[in-house]
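Asks:
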Amino acid sequence: MADALTYLRHKQESNGFNELLGLRILHIRPGYAEIELPANPANLNPLGNAHGGAIYALCDVAAGTAAASYGRVGVTLNASINYLRPGKEGKALVAKTREIKNGRTTAVYGIDVTDEDGTLVADATFTMYYVGDSADLLK
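Counting the sequence shown from 1 gives a position; my numbering is that position plus 45.
Structure, rendered in structure tokens:
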């Protein structure tokens with residue numbers, strides 16, 4: 046399983062959109078992922094705060110990575126996010142998943158997004174739909 050998780054980490058960090066945002070996997074284990082969105086001027090909105098779309102993408106990748114950690118390929122079926130505070134310029138954001146359900150066809154993850162100081166910036170719930178087992182993601 047360790048080799049599969051190492052491969053998943055590489056696959057997630059070196060694909061187009063995730064690489065464009067600079068997303069990094071900090072921790073991964075079955076049912077759990079911790080992903081970092083770096084403090085990067087390209088991730089800011091015109092007000093100088095972390096762009097809501099970048100925060101949403103961070104949560105989406107965290108939920109998808111947690112779901113994929115079981116060797117199953119999932120896509121986002123539904124998502125809800127609450128933006129609680131602005132992500133401040135110069136502070137990286139970290140998304141940590143909390144597995145709520147891992148079923149036969151769907152999985153549900155709660156995600157907390159905090160800044161470097163531990164301040165809660167957003168929380169989200171993502172429902173993932175499994176489209177297959179193992180596929181090329183974890184080979």
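The C-beta atom is built at its ideal place from N, Cα and C for all residues, glycine as well.
#1: Quick one: what does DSSP say residue 84 is sitting in, helix, strand or coil?
#2: Should residue 135 be labelled buried (16 or more other beta-carbon atoms within 10 Å of its own) or exposed?
#3: Let me know the beta strand (DSSP E) ranges lying completely inside the stretch 96-158, each 3 residues or longer, listed in chain order.
#4: Can you name, in chain order, every residue of its own chain whose Cβ lies under 8 Å from the Cβ of residue 165, other than the five neighbours on each side?
#5: Between the C-alpha atoms of residue 103 and residue 120, what's the straight-line distance to the nearest angstrom?
#6: Residue 173: beta carbon under 6 Å from a heavy atom of the ligand HEM?
#7: DSSP three-state call for residue 68: helix, strand or coil?
#8: For residue 70 versus residue 101, is the C-beta distance shorter than 7 Å?
Replies: Once the coordinates are examined:
#1: Correct three-state label for residue 84: coil.
#2: Per the 10 Å Cβ criterion, exposed.
#3: Note on the stretch 96-158: whole beta strand (DSSP E) runs with a minimum of 3 residues are 117-128 and 138-147, in chain order.
#4: Here the set comprises 129, 130, 157, 158 and 159.
#5: Computed Cα separation, rounded: 14 Å.
#6: With respect to small molecules bound, the structure shown includes none, and the ligand HEM cannot be examined in it.
#7: Residue 68 falls in the coil class under three-state DSSP.
#8: The Cβ atoms of residue 70 and residue 101 lie no closer than 7 Å to each other.
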